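Residue numbers (this note's numbering), protein chains in the order written: chain A, 2 to 679; chain B, 32 to 250.
Okay, structure first, notes after.
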Amino acid sequence: MRSGMRRALRTSALAMAVLLSGGPGSAQDQKSVPDLTEMSLEKLMDIEVDTVYGASRYLQKVTEAPASVSIVTAEEIQKYGYRSLADVLRSVRGFYVTYDRNYSYVGVRGFARPGDYNSRILLLVDGHRVNDNVFDQAFLGTEFPIDLDLIERVEVIRGPNSSLYVASAFLGVVNVVTKRGRDSKGLSFSGELASYGTYKGRLSYGKRFANGLETLFSASNYDSQGQQRLYFKEFDSPATHHGIAENADYDGYHQIFAKVFYRDFTVHAIYGSREKGIPTASFGTVFNDPATRTVDARGYLDLQYERELASQWALLGRLYYDQYDYHGTYVYDYSQEGGPSRVLNSDDAHGKWWGGELNLGRTFRKKHHFVVGSEYRDNFQQDQGNFDVNPFLQYFADPHDSRIGAAFVQGDIALRSDLFLNLGLRYDHYSTFGGTTNPRVALIYRPFEKTSLKLLYARAFRPPNAYELYNAGYATVPNPGLQPEIVNTGELVLEQYLGKYVSLTASAFRYRMRSLISLRTDPASGALTYENTGHVNGKGLEFEVRRKSSWGLEGGVSYSLQEAEIPNSGQPLINLPRHLGKLKFSAPLVKRKLFASLDLEYLSRRRTLGGNFAGGHAVPNLTLFSRPSAAGLKGWELSASLYNLFNTRYGDPTSEEHREDVIFQDGRTYRFKVQYRF
Amino acid sequence: MALPMHLVGRRNGGNKALGEPRAWGSFPVRESRPIDRGARTLLALLAGLLLAGLSSIPGAQAQAPSERQVKAAFLYNFAKFVEWPPDRFADPQDPLVLCVTGEDPFGTVLDGIVLGKTANGHPLALRRLRREQEARGCQILFVSASERKRLRPLLESLKGTSILTVGESDGFAQQGVMINFILEENRVHFEINVDAAERAGLKISSRLLSLAKVVRGER
Numbered sequence: 002m003r004s005g006m007r008r009a010l011r012t013s014a015l016a017m018a019v020l021l022s023g024g025p026g027s028a029q030d031q032k033s034v035p036d037l038t039e040m041s042l043e044k045l046m047d048i049e050v051d052t053v054y055g056a057s058r059y060l061q062k063v064t065e066a067p068a069s070v071s072i073v074t075a076e077e078i079q080k081y082g083y084r085s086l087a088d089v090l091r092s093v094r095g096f097y098v099t100y101d102r103n104y105s106y107v108g109v110r111g112f113a114r115p116g117d118y119n120s121r122i123l124l125l126v127d128g129h130r131v132n133d134n135v136f137d138q139a140f141l142g143t144e145f146p147i148d149l150d151l152i153e154r155v156e157v158i159r160g161p162n163s164s165l166y167v168a169s170a171f172l173g174v175v176n177v178v179t180k181r182g183r184d185s186k187g188l189s190f191s192g193e194l195a196s197y198g199t200y201k202g203r204l205s206y207g208k209r210f211a212n213g214l215e216t217l218f219s220a221s222n223y224d225s226q227g228q229q230r231l232y233f234k235e236f237d238s239p240a241t242h243h244g245i246a247e248n249a250d251y252d253g254y255h256q257i258f259a260k261v262f263y264r265d266f267t268v269h270a271i272y273g274s275r276e277k278g279i280p281t282a283s284f285g286t287v288f289n290d291p292a293t294r295t296v297d298a299r300g301y302l303d304l305q306y307e308r309e310l311a312s313q314w315a316l317l318g319r320l321y322y323d324q325y326d327y328h329g330t331y332v333y334d335y336s337q338e339g340g341p342s343r344v345l346n347s348d349d350a351h352g353k354w355w356g357g358e359l360n361l362g363r364t365f366r367k368k369h370h371f372v373v374g375s376e377y378r379d380n381f382q383q384d385q386g387n388f389d390v391n392p393f394l395q396y397f398a399d400p401h402d403s404r405i406g407a408a409f410v411q412g413d414i415a416l417r418s419d420l421f422l423n424l425g426l427r428y429d430h431y432s433t434f435g436g437t438t439n440p441r442v443a444l445i446y447r448p449f450e451k452t453s454l455k456l457l458y459a460r461a462f463r464p465p466n467a468y469e470l471y472n473a474g475y476a477t478v479p480n481p482g483l484q485p486e487i488v489n490t491g492e493l494v495l496e497q498y499l500g501k502y503v504s505l506t507a508s509a510f511r512y513r514m515r516s517l518i519s520l521r522t523d524p525a526s527g528a529l530t531y532e533n534t535g536h537v538n539g540k541g542l543e544f545e546v547r548r549k550s551s552w553g554l555e556g557g558v559s560y561s562l563q564e565a566e567i568p569n570s571g572q573p574l575i576n577l578p579r580h581l582g583k584l585k586f587s588a589p590l591v592k593r594k595l596f597a598s599l600d601l602e603y604l605s606r607r608r609t610l611g612g613n614f615a616g617g618h619a620v621p622n623l624t625l626f627s628r629p630s631a632a633g634l635k636g637w638e639l640s641a642s643l644y645n646l647f648n649t650r651y652g653d654p655t656s657e658e659h660r661e662d663v664i665f666q667d668g669r670t671y672r673f674k675v676q677y678r679f
Numbered sequence: 032m033a034l035p036m037h038l039v040g041r042r043n044g045g046n047k048a049l050g051e052p053r054a055w056g057s058f059p060v061r062e063s064r065p066i067d068r069g070a071r072t073l074l075a076l077l078a079g080l081l082l083a084g085l086s087s088i089p090g091a092q093a094q095a096p097s098e099r100q101v102k103a104a105f106l107y108n109f110a111k112f113v114e115w116p117p118d119r120f121a122d123p124q125d126p127l128v129l130c131v132t133g134e135d136p137f138g139t140v141l142d143g144i145v146l147g148k149t150a151n152g153h154p155l156a157l158r159r160l161r162r163e164q165e166a167r168g169c170q171i172l173f174v175s176a177s178e179r180k181r182l183r184p185l186l187e188s189l190k191g192t193s194i195l196t197v198g199e200s201d202g203f204a205q206q207g208v209m210i211n212f213i214l215e216e217n218r219v220h221f222e223i224n225v226d227a228a229e230r231a232g233l234k235i236s237s238r239l240l241s242l243a244k245v246v247r248g249e250r
């Protein structure tokens with residue numbers, strides 16, 4: 002895919018030149034601006050200002066963090082027309098998403114094994130773990146239970162250095178920070194209309210009371226018919242409807258969200274249920290039967306207490322109750338074995354858990370910080386089961402429960418005013434496999450306020466989940482002795498801010514994964530079982546330039562070069578794009594009122610399980626976003642988006658349960674969105 | 032009835048019983064069509080147009096005041112709308128000193144604001160503190176975001192003084208900073224911790240209070 006890469010590089014170079022040159026307005030600062038000191042207080046409070054890096058409260062967070070962080074703001078979500086968390090992650094440097102018309106799967110640093118349920122990234126919402134307790138899955142597409150309009154920002158933290166505060170994240174952490182009552186005041190609604198009979202509605206109400214109480218309530222409903230006729234070449238035969246699956250790509254969800262904040266307490270309650278039709282006839286199901294679908298429901302209640310105590314102490318406490326229910330319906334044809342030609346198979350998982358965490362922080366001598374923390378989680382239900390509905394035949398029913406206890410300590414030491422050392426150690430004990438201890442080290446050198454050089458090392462683990470441990474079925478023998486996977490990562494990051502608007506990031510990383518949990522055939526019995534036998538070594542380089550300016554020209558270009566291999570084997574990795582390029586570009590067409598934004602993702606070709614290649618592709622999306630604040634249209638926000646602008650035909654590699662080698666993604670689609678705040 | 036040769040589940044191995052996944056033959060997958068030349072040129076043209084359009088819009092950027100300038104103007108106003116206890120100024124002509132501790136985010140903007148201005152008769156002066164320096168001689172102390180983790184000890188050391196503390200970070204007001212800037216829909220607003228100001232012997236004009244979000248701190 003050489004020409005594709007060259008093309009991408011050329012476009013990136015152009016974009017970079019534009020961004021660095023800054024466009025108009027970068028040189029001004031003391032130019033002729035009305036003397037603000039002559040203005041009344043009321044007038045000053047009415048001036049709309051530009052949010053740039055230098056003034057951003059995130060600057061501190063990013064340059065001080067002992068990790069490589071990317072932040073996507075609520076404003077970017079609206080401007081670029083992101084429809085899901087998967088869309089947001091597609092725009093982040095070094096990340097890519099594959100979609101098999103059921104769930105969305107993320108790849109980080111070139112690692113994206115088909116069939117993995119995002120158990121290697123930790124998904125948090127306001128610090129609360131969203132991965133479920135059966136599959137450990139991070140929900141990224143329409144299966145993510147929170148409306149994107151409720152998001153204040155998404156923090157993407159790479160590598161296992163990401164967080165010591167919550168159970169180790171193998172490849173990284175995605176922390177979604179939601180809005181507060183004060184960010185979404187009053188009653189607001191939004192309506193969306195998109196391709197393939199897609200409708201979405203949301204109603205929210207936020208309020209900030211005089212005594213400091215803040216509440217935010219929201220409900221959303223999404224319904225999509227999906228492509229009514231989807232063609233799959235692998236099924237093109239008269240017996241299977243000539244490869245056309247009809248009305249099988251449907252998608253829909255209901256979500257509710259409630260957040261109450263008062264003094265030091267925050268309470269979150271969310272619930273989301275999403276149903277998706279599976280048109281690909283995966284798992285050997287009957288082709289073109291729209292009854293095959295999955296339903297995932299996720300809900301939780303979280304109470305958080307955060308407080309600064311007497312002078313140098315800080316306390317964080319959390320208590321939570323979570324629930325997850327998965328129900329899959331799969332249509333099978335047993336006529337070849339002498340059974341009925343249409344049998345519904347029911348596949349289920351139910352998880353319930355509660356837990357708590359307590360973190361205590363202390364500052365010494367005004368410059369060193371230490372945090373000690375502990376966590377306990379009781380997975381009192383981790384049940385899985387599978388049965389045919391009619392005639393009834395149960396394949397397995399497996400109730401389980403487990404417990405997790407963890408403790409960690411972290412120190413942030415200022416060796417000099419410009420040199421910081423961050424050391425952390427975490428011990429986790431799982432009732433399933435025992436204990437594991439993992440360290441992390443970060444050395445941060447900040448010679449100037451706007452320069453940050455970080456040397457990072459961390460080790461993290463991924464525990465075997467209930468699915469891998471216990472899911473017993475025909476031809477699969479469970480392996481309760483599974484051990485956790487381990488990854489060691491080293492990284493060097495340079496972050497440089499130029500002027501007020503521009504930031505530059507360069508990084509180099511290496512990782513070694515061991516004991517990856519993989520499905521293996523026992524040569525003696527022919528049975529399939531999970532074992533800790535995978536090894537992967539990876540390395541890469543990343544480069545990014547961004548210009549941030551709410552009201553002016555803004556955007557970014559990033560490029561990642563990633564390589565990974567299974568050591569001592571000639572086997573190439575599946576679904577690994579050697580090159581990743583991202584381009585984001587937003588320009589105001591009418592001062593502060595109308596924006597045109599372009600979002601482009603480039604992936605070089607990826608190997609498939611069938612030994613072929615899913616071709617490289619560059620897919621641009623265009624969004625026109627308007628925030629009219631003139632008297633007549635105050636309170637309205639409108640947007641029109643076109644995704645896959647040039648109707649590029651491209652596909653993602655599939656996993657073992659698919660007969661297809663590659664699943665082609667949607668062509669050009671549109672979305673209209675209207676938001677109104679009363 | 033024979034056991035069906037399948038087992039569903041998210042990642043079940045049962046399907047292997049159906050044979051090797053690719054036993055149906057390796058389908059020559061059509062390579063996706065990359066963006067064609069014409070489309071690429073169009074994209075570049077579009078980008079160029081946006082750029083040109085942007086450059087030609089007069090005053091698209093130049094005239095809009097920055098967040099820094101607005102906050103600096105507010106600091107000047109705080110000097111006018113806050114009353115210090117009479118013993119703070121030996122002489123009515125004594126300077127009203129505005130100090131910045133931590134990494135100064137204002138750059139040259141504050142110098143411009145302070146130059147030649149007076150507040151209630153006192154000429155304004157600006158001082159940037161090094162980290163360990165005492166803030167004793169200041170009337171207004173701006174605490175930058177870099178001091179977030181050191182905030183508690185800093186506020187402790189200011190007890191008994193009548194220094195107006197100002198910040199712009201999340202949660203500062205709750206922790207005892209008297210006036211904290213917040214951004215609401217891209218407008219600069221502020222929260223005021225009245226208790227903290229009272230404890231320091233400062234009197235904030237009702238005009239300023241009415242425009243602020245009053246915050247309750249601890250203790």
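For each residue, glycine too, the CB sits at the ideal point set by N, CA and C.
Here the structure is a predicted model, which is why all the values come from computation and not from measurement.
Worksheet item: Quick one: is B/V101 near chain A, going by C-beta distance under 7 Å?
Response: Chain A has a Cβ within less than 7 Å of the Cβ of B/V101.
Worksheet entry | 8 Å Cβ cut-off: residues of chain B touching A/S124 | It is Leu, not Ser, that sits at residue 124 of chain A in the sequence shown. Under the 8 Å cutoff, chain B gives no residues; its nearest Cβ is about 17 Å from A/L124.
Fill in: Near-chain A residues of the segment 108-138 of chain B - C-beta to any C-beta below 7 Å
Residues of the segment 108-138 of chain B with a C-beta less than 7 Å from any C-beta of chain A: N108, E134 and P136, listed in chain order.
Worksheet item: Out of curiosity, what's the CA-to-CA distance linking A/L646 and A/D600?
Response: Distance between the alpha carbons of A/L646 and A/D600: 10 Å.
Worksheet entry | One or two residues paired with A/M514 in a DSSP bridge | According to DSSP, which records beta bridges pairwise, A/M514 is partnered with A/V488 and A/V537.
Worksheet item: Which residues in chain B sit within 8 Å of A/T364, going by Cβ to Cβ distance?
Response: Going along chain B in sequence order, the residues near A/T364 (Cβ under 8 Å) are K180, R181, R183 and P184.
Discussion item. Considering only DSSP beta bridges, list what A/T506 is partnered with.
Written reply: Bridge pairing for A/T506: A/E496 and A/E545 [DSSP].
Worksheet item: Between the segment 212-243 of chain B and chain A, which residues of the former have CB atoms less than 9 Å from a CB of the latter, in chain order?
Response: Per Cβ criterion, the list reads I213, L214, E215, E216, N217, R218, V219, H220, F221, R238, L239 and L242.
Item to complete: Could you say if the segment 556-572 of chain A and the segment 73-80 of chain A meet the contact criterion of at least three C-beta pairs nearer than 8 Å?
Response: Touching, no.
Discussion item. With H, G and I counted as helix, E and B as strand and the rest as coil, what does DSSP make of A/Y306?
Written reply: If DSSP states are grouped into helix, strand and coil, A/Y306 belongs with the strands.
Item to complete: Closer than 8 Å by beta-carbon distance: list the chain B residues that pair up with A/H536, in chain order.
Response: Correct list: empty, because the minimum Cβ distance to chain B is about 20 Å.
Discussion item. Taking the straight line between their C-alpha atoms, what separation do you get for A/T293 and A/E658?
Written reply: So the alpha carbons of these two residues sit roughly 14 Å apart.
Worksheet entry | Nearest-angstrom beta carbon gap, A/R203 and A/D148 [assumed within contact, 8 Å] | With 8 Å as the limit, A/D148 and A/R203 qualify as a contact, their Cβ atoms being about 6 Å apart.
Discussion item. Does the CB of B/P96 have a neighbour CB from chain A at under 7 Å?
Written reply: It does; some Cβ of chain A falls within 7 Å.
Discussion item. Is the beta carbon of A/R121 closer than 7 Å to that of A/F171?
Written reply: Judged by their CB atoms, A/F171 and A/R121 are nearer to each other than the 7 Å cut-off.
Worksheet entry | Per-residue burial, A/A398 [other beta carbons within 10 Å of its own, 16 or more giving buried] | That one is exposed.
Worksheet item: What do you get for B/Q205, buried or exposed, if any count of 16 or more other CB atoms within 10 angstroms of its CB means buried?
Response: Result: buried.
Item to complete: Work out the CA separation of B/V245 and A/L304 for me, nearest whole Å.
Response: Those two C-alpha atoms are separated by around 25 Å.
Fill in: Inter-residue Cα distance where the pair is A/A407 and A/G491
Those two C-alpha atoms are separated by around 24 Å.
Practice prompt. List the residues of chain B that A/L454 touches, going by C-beta distances under 7 Å, in chain order.
Written response: Neighbours of A/L454 on chain B: none; closest Cβ ~17 Å, over 7 Å.
Worksheet item: What does B/R247 reach in chain A if we use C-beta pairs closer than 7 Å?
Response: In chain order, G213 make up the part of chain A whose C-beta sits under 7 Å from the C-beta of B/R247.
Worksheet item: Hey, out of B/L106, B/F112 and B/A103, whose CA is closest to B/R238's CA?
Response: With distances taken between Cα atoms, B/R238 lies closest to B/F112.
Item to complete: Using 6 Å as the cut-off, classify the Cβ of A/P291 as near or not near the heavy atoms of the ligand ADP, replying yes or no.
Response: For the structure depicted, the ligand ADP is absent and the ligand set is empty, with no information on it obtainable.
Worksheet item: Closest Cβ-Cβ distance between A/I48 and chain B: below 7 Å?
Response: Taking 7 Å as the threshold, the shortest C-beta distance from A/I48 to chain B falls below it.
Item to complete: Give the interface partners of B/F105 over in chain A, defined as CB-CB distance under 7 Å, in chain order.
Response: Those are L45, listed as they occur along chain A.
Discussion item. Under 7 Å, Cβ to Cβ, is there at least one residue of chain A near B/Q206?
Written reply: True, the Cβ-Cβ gap to chain A drops below 7 Å.
Practice prompt. Determine the chain A residues that contact B/I144 at a beta-carbon separation under 7 Å, and present them in chain order.
Written response: What B/I144 touches in chain A: T38.
Worksheet item: Does the separation of the CB atoms of A/N380 and A/D402 fall below 7 Å?
Response: Yes, they are a contact pair.
Worksheet item: Does A/E450 have its Cβ less than 7 Å from a Cβ in chain B?
Response: Residue contact with chain B for A/E450: present (Cβ-Cβ distance below 7 Å to some residue of chain B).
Worksheet item: Closest to B/P123 by CA distance: which of B/F109, B/S193, B/R181 and B/P154 is it?
Response: The shortest C-alpha separation from B/P123 is found at B/P154.
Worksheet item: Could you check where the beta strand (DSSP E) with A/S559 kicks off and where it finishes?
Response: For A/S559, the uninterrupted beta strand (DSSP E) run begins and ends at E555 to E566, by DSSP.
Discussion item. Tell me the rounded alpha-carbon separation between A/V675 and A/S185.
Written reply: Between the C-alpha atoms of A/V675 and A/S185 there is a straight-line separation of about 16 Å.
Fill in: Stretch pair the segment 94-102 of chain A + the segment 652-669 of chain A: three plus CB contacts closer than 8 Å
Yes, since at least three Cβ pairs between the segment 94-102 of chain A and the segment 652-669 of chain A fall closer than 8 Å, the two stretches touch.
Fill in: C-beta contact flag for A/D224 and A/G253 at 7 Å
A/G253 sits close to A/D224, with the two beta carbons spaced by under 7 Å.
Item to complete: Flag this pair as touching only if the segment 269-279 of chain A and the segment 244-259 of chain A have three or more C-beta atom pairs under 8 Å; answer yes or no.
Response: Taking 8 Å as the limit for Cβ pairs, the verdict is that the segment 244-259 of chain A does touch the segment 269-279 of chain A.
Practice prompt. Would you kindly check if the distance between the Cβ of A/S516 and the Cβ of A/N538 is under 7 Å?
Written response: Result no, Cβ atoms of A/N538 and A/S516 do not sit closer than 7 Å.
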